[in-house]
Amino acid sequence: MESDMCFQCFSTGQSAQEKGLTHIPECYEVPSSERPSLSSLEAQIPVVDLAGLQMGPTHRLAVIESIGYACKRFGCYHVVNHGIDQSILDKALGAANEFFRLPADENLKFMSKDVHKPVRYGTSLKDGVDKIQFWRVFLKHYANPLNDWVQSWPENPPAYRGDMGAYSSEVQKLAVELAGATTESLGLGPKYLSEKMEEGMQVITTNCYPPCPQPRLTLGLPPHSDYSCLTILLQSSPGLEVMDMQDGGSWKLVPYISGALLVHIGDHFEVLSNGLYKSVVHRAVLNSQKTRISIASFHSKGLLEKMEPALELVDADHPKAYKGSSFKDFLDFLSANDIGQGKICFLDTLKIK
Numbered sequence: 006m007e008s009d010m011c012f013q014c015f016s017t018g019q020s021a022q023e024k025g026l027t028h029i030p031e032c033y034e035v036p037s038s039e040r041p042s043l044s045s046l047e048a049q050i051p052v053v054d055l056a057g058l059q060m061g062p063t064h065r066l067a068v069i070e071s072i073g074y075a076c077k078r079f080g081c082y083h084v085v086n087h088g089i090d091q092s093i094l095d096k097a098l099g100a101a102n103e104f105f106r107l108p109a110d111e112n113l114k115f116m117s118k119d120v121h122k123p124v125r126y127g128t129s130l131k132d133g134v135d136k137i138q139f140w141r142v143f144l145k146h147y148a149n150p151l152n153d154w155v156q157s158w159p160e161n162p163p164a165y166r167g168d169m170g171a172y173s174s175e176v177q178k179l180a181v182e183l184a185g186a187t188t189e190s191l192g193l194g195p196k197y198l199s200e201k202m203e204e205g206m207q208v209i210t211t212n213c214y215p216p217c218p219q220p221r222l223t224l225g226l227p228p229h230s231d232y233s234c235l236t237i238l239l240q241s242s243p244g245l246e247v248m249d250m251q252d253g254g255s256w257k258l259v260p261y262i263s264g265a266l267l268v269h270i271g272d273h274f275e276v277l278s279n280g281l282y283k284s285v286v287h288r289a290v291l292n293s294q295k296t297r298i299s300i301a302s303f304h305s306k307g308l309l310e311k312m313e314p315a316l317e318l319v320d321a322d323h324p325k326a327y328k329g330s331s332f333k334d335f336l337d338f339l340s341a342n343d344i345g346q347g348k349i350c351f352l353d354t355l356k357i358k
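Under this note's numbering, the sequence shown has 55 at position 50, and the numbering climbs by one with no breaks.
If you want it as structure tokens, here you go:
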């Protein structure tokens, strides 16, 4: 049967999406109850103008309050006037696109099934292991401090290290600023995590979602929340959906705003806030017409540093609701579990019952 052959036929370098197959093999089909409609309503995600952070106390307070509202309501928000030049965004997307257009043997230099590897190319989530395959290819690499990691990134295309490095450096600065705004919105002050975030983990994941011949049957990525404190996403076109928990858990499409970046609250900020803020559950949907590129920059404390609920947010009425965990704890969890099945997620293992 085709389903029995999937793991043998579709190893990295030979996957259906890499080969551009004109049909969906059975092992790519998600259960009917989880299939995308491809006609989701747009989510009314707040757009936060970061220029207000530098315009005096009144404007800054308005921005902080907007971020706090977005973190409670959706777990995500767009940012504009974020300080990263459009040319840097365009070059980063271009570098990612060129990498995925290289001959397969170039990409496969970075192939690995080891989720702990600091530079890794693959498809799906864990190649050859996942029971359900997903229609994407990706390159993931560590990025902070940049000088420690950039020489391990791809040499081809020739502009990749320079263009992606420039973007990584700028988005790292933005992440530290946004982490400060987020802790300020929680009443913890803007410096609560600054040093830890400046010295912490940054992981860049470039995703390529090729045209899919049957986009109603499969997904680019399954529903999940991010392990990070926050994620900053740059995308070339729409294709990300978020779960609106205040609307019955319905799926809604994230609108594409040229020049804007999307900020996700991750699991570790939900933990820090003791559940006041929720990490956003999201998934990637596909289309049959064109390739979509996204660049996700994940930001967290150091590899081994645990995130705990802030003591200032724990009291008799709000007891500690989460156990502490680190980025490495998440990698160990990912290595040991098939999260594509949707039966268990990392955050659930942290909740104190």
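Virtual Cβ for every residue (Gly too), placed ideally from N, Cα, C.
Item, Value
"List the endpoints of the continuous beta strand (DSSP E) containing E246.", "L245 to D249"
"So what does DSSP say about P228, is it helix, strand or coil?", "strand"
"Give the DSSP bridge partners of S20, in chain order.", "Answer is none; S20 lacks a bridge partner."
"Does DSSP put R78 in a helix, in a strand, or in coil?", "helix"
"Pull up the CB-CB distance for S331 and L316, whole angstroms please, since I reckon it's below 8 Å.", "Wrong, their Cβ atoms sit about 18 Å apart, outside the cutoff."
"What does DSSP give as the partner residues of A289 in its beta bridges?", "L226 and L245"
"Spatial neighbours of Y197 within its chain, please: C-beta separation below 7 Å, excluding the five flanking residues on both sides.", "T188"
"Is it the case that the Cβ atoms of I270 and S190 are separated by a distance below 7 Å?", "no"
"Under 8 Å by Cβ, that's how I've got C213 and I298 pegged, so tell me the actual separation to the nearest angstrom.", "6 Å"
"Which residue's Cα is closest to the Cα of V120: V84, T210 and K311?", "T210"
"In whole angstroms, give me the CA-to-CA distance for G254 and M248.", "5 Å"
"Considering only the alpha carbon of each residue, which of T236, V290 and I137 lies closest to E31?", "I137"
"Is DSSP giving V157 helix, strand or coil here?", "A small correction: the amino acid at residue 157 is Ser; Val does not occupy that position in the sequence shown. In this structure, S157 counts as helix in the three-state DSSP scheme."
"Alpha carbons only, please: which of I50, N149, S157 and Y82 is nearest the one belonging to F115?", "S157"
"Check whether the Cβ atoms of A67 and G80 sit closer than 7 Å, and answer yes or no.", "no"
"Between the Cα of S302 and those of S284, V268 and P314, spot the shortest distance and give me the residue it belongs to.", "V268"
"Below 8 Å on the Cβ atoms is my guess for L151 versus S173; work out the distance and round it to an integer in Å.", "6 Å"
"Can you round the beta-carbon distance between P228 and V286 to whole angstroms, since I take them to be within the 8 Å contact cut?", "5 Å"
"Quick one: what's got a C-beta closer than 7 Å to W154's C-beta in the same chain, skipping five residues either side?", "P123, H146, Y147 and A148"
"Within 10 angstroms of its Cβ, does E23 collect 16 or more other Cβ (buried), or is it exposed?", "buried"
"Please say whether N161 and E203 have beta carbons closer to each other than 7 Å?", "no"
"Per DSSP, which one or two residues make a beta bridge with M312?", "S330"
"For E111, which of helix, strand or coil comes out of DSSP?", "helix"
"What span of residues does the beta strand (DSSP E) with S299 cover, start to end?", "R297 to S305"
"On a Cα-Cα basis, can you pick out the residue from W256, E313 and P260 that is closest to P41?", "W256"
"Per DSSP, what kind of secondary structure is F104 in: helix, strand or coil?", "helix"
"Kindly list the residues whose CB is nearer than 7 Å to the CB of V181, restricted to its own chain and excluding five residues on each side of it in sequence; keep chain order.", "S199, M202 and E203"
"Please work out which residues of its chain come closer than 6 Å, Cβ to Cβ, to H304, disregarding the five sequence neighbours upstream and downstream, and give them in chain order.", "A180, Q207, S233, C234 and L235"
"The alpha helix (DSSP H) spanning T128 covers which residue range?", "Here T128 belongs to no alpha helix (DSSP H); instead the beta strand (DSSP E) covers V124 to T128."
"Using DSSP bridges, identify the partner residues of H269.", "C81 and T236"
"Given a cut-off of 7 Å on the beta-carbon distance, is the pair L291 and C217 in contact?", "yes"
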